[in-house]
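Here's the structure, in structure tokens; my notes come after.
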Amino acid sequence: MKNDSKPVYVTRSSMPSFEEYADMIHAMWNSRWLTNMGYLHEELTERLKKEFEAEHFLLFSNGHMALELALQSLEMKGEVITTPFTFISTTQAIIRNGLTPVFCDIDPVRLTIDPEKIEDLITEKTCAIVGVHVYGIPCETRIIDSIAAKHGLKVIYDAAHAFRVRYMGKNIANYGDVSMFSFHATKVYHTIEGGGVVCHDPKQYSRLSRLRNFGFFYGGLDGDQLGVNAKMSEFHAAMGLCNLRHIEQEIQKRKEVSEHYDQLLGKAKGLQLFPAIEGLERNYAYYPVIFLDNAPKSRDKACEDLEKEGIIARKYFYPLTSAFSCFKGRSDQGNTPVAEDIANRVLCLPLYAGLSAEDVEWICHIILN
Ligand SMILES: *Cc1c(COP(=O)(O)O)cnc(C)c1O
């Protein structure tokens with residue numbers, strides 16, 4: 293038994309010092325401009341535009357609204373080919389737009405949508421592919437983009453896990469037609485609650501900027517879009533500006549923890565760790581482990597044993613979103629045996645800057661013995 297009794301959670305939000313945050317909000321506090329595209333909002337927008345090397349970038353109140361409105365701004369009808377191995381938000385954003393998800397199986401190593409299985413699912417109703425860069429592992433963007441071009445489909449990436457990921461020399465935001473990022477408190481980079489969209493078409497950008505503000509044209513009285521309120525407040529933007537100063541160190545510290553796990557788990561039989569992918573620069577957002585048949589123990593036993601010791605690992609993503617009861621009658625469950633198998637075997641281990649070496653050793657000891 294470990295001697296200190298504080299539970300270890302799967303993640304811990306990064307935070308600036310209280311003084312740094314107070315300093316960031318000071319001028320805004322006095323000005324009483326609290327939301328509606330204030331100074332901090334505009335400054336964060338500019339900084340993130342540079343971060344993503346993007347021409348068009350918009351902030352949102354959260355990642356889900358960013359994705360839902362990004363899909364809406366593409367004005368599509370019909371079927372969307374997507375992965376069931378994701379957070380429920382991805383599938384909800386599709387269905388809430390009146391689109392039908394068609395679930396495609398995943399690649400057993402990358403865990404992202406399997407491009408070889410996409411074309412079989414294309415019908416005359418297909419309008420788009422929604423891929424997820426799950427755990428910050430990039431989808432096979434080159435193949436997906438070429439399938440989409442051949443069939444005239446849009447490509448939307450849920451990049452909620454992929455802040456600061458680079459792939460084949462480019463920021464991950466610059467693949468496909470649109471990418472959504474989540475800046476939720478549990479993500480690598482966060483604004484407490486928040487999200488962002490990178491897109492490449494100026495018309496779509498303008499529709500999207502109206503959708504986030506009730507469909508209004510700025511300064512005007514009319515709106516031509518059925519919008520919502522999905523604006524980010526100044527307090528959230530302030531947290532984002534502070535956290536952006538520290539993101540480099542945050543990722544470096546996560547890398548160290550992650551490499552410590554690799555050292556201790558890498559030689560064990562039956563554990564499939566983060567895939568080696570050519571051209572990938574990682575963000576160390578998650579530490580997923582897949583427990584194969586010859587692992588020292590099953591995923592569920594490992595999770596249970598960890599919990600007994602106050603270590604809260606998470607079964608991300610179990611169950612598949614295609615199995616959720618709210619989607620009954622709205623979509624077919626599809627035929628995704630690989631995704632189902634992975635969902636039954638995957639466990640995300642605690643990973644955050646400041647997770648101690650002793651905790652990492654203790655976690656690995658429990659998994660291996
Ligand atoms: C976190 C997350 C979202 C939703 O983002 P929020 O900011 O929490 O609304 C969507 N998709 C995936 C894969 C996520 O992990």
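Numbering (the working numbering), first residue to last: 293 to 661.
All C-beta atoms, glycine included, are put in the ideal place defined by N, C-alpha and C.
- Taking the C-beta atoms as reference points, Met460 is found no nearer than 8 Å to Gly486.
- Residues Gly602, Ile603, Ile604, Pro642, Leu647, Asp651, Ile655 of the same chain have their beta carbon placed closer than 8 Å to that of Val300, with the five preceding and five following residues left out of the count.
- Considering only Asp633, Cys595, Ser438, the residue with the shortest C-alpha distance to Gly468 is Ser438.
- Where Thr418 is concerned, the enclosing beta strand (DSSP E) starts and stops at 418–424.
- Scanning its chain for C-beta atoms nearer than 6 Å, with the 5 sequence neighbours on each side dropped, one finds around His356 the residues Ser381, in chain order.
- Taking 8 Å as the cut-off, the Cβ atoms of Tyr481 and Ile539 count as close.
- Taking a 10 Å sphere around the C-beta of Ile421, we find 16 or more other C-beta atoms and assign the residue as buried.
- DSSP places Asn322 in the helix class (H, G or I) of the three-state scheme.
- Look at Leu647 here: in three-state DSSP terms it is coil, with no helix or strand label.
- When distances are taken from the beta-carbon of Thr382 to the heavy atoms of ligand 1, the shortest one is below 7 Å.
- The Cβ neighbour count for Pro376, taken over all protein chains shown within 10 Å, is at least 16; the residue is labelled buried.
- Under DSSP, Lys495 forms no beta bridge with any residue.
- By DSSP's assignment, Cys640 forms a beta bridge with Pro580, Arg606.
- Burial of Leu351 is indicated by the presence of at least 16 other C-beta atoms within 10 angstroms of its C-beta.
- Beta-bridge annotation (DSSP): Asp450 is paired with Val424, Met472.
- Taking 8 Å as the cut-off, the beta carbon of Ile387 is found closer than this to the beta carbon of Phe619.
- Of the residues Ile659, Ile582, Pro580, the one whose Cα lies closest to the Cα of Ala594 is Ile659.
- Annotation: Glu570 to Arg402 spans about 12 Å, alpha carbon to alpha carbon.
- Here Phe475 is buried, its C-beta having at least 16 other C-beta atoms within 10 Å.
- In the three-state reduction of the DSSP assignment, Phe509 falls in the coil class.
- For Gln517, the three-state secondary structure derived from DSSP is coil.
- Looking at the backbone, the Cα of Met329 and that of Glu526 are separated by about 8 Å.
- Set against 7 Å, the gap from the CB of Gly468 to the closest heavy atom of ligand 1 is not smaller.
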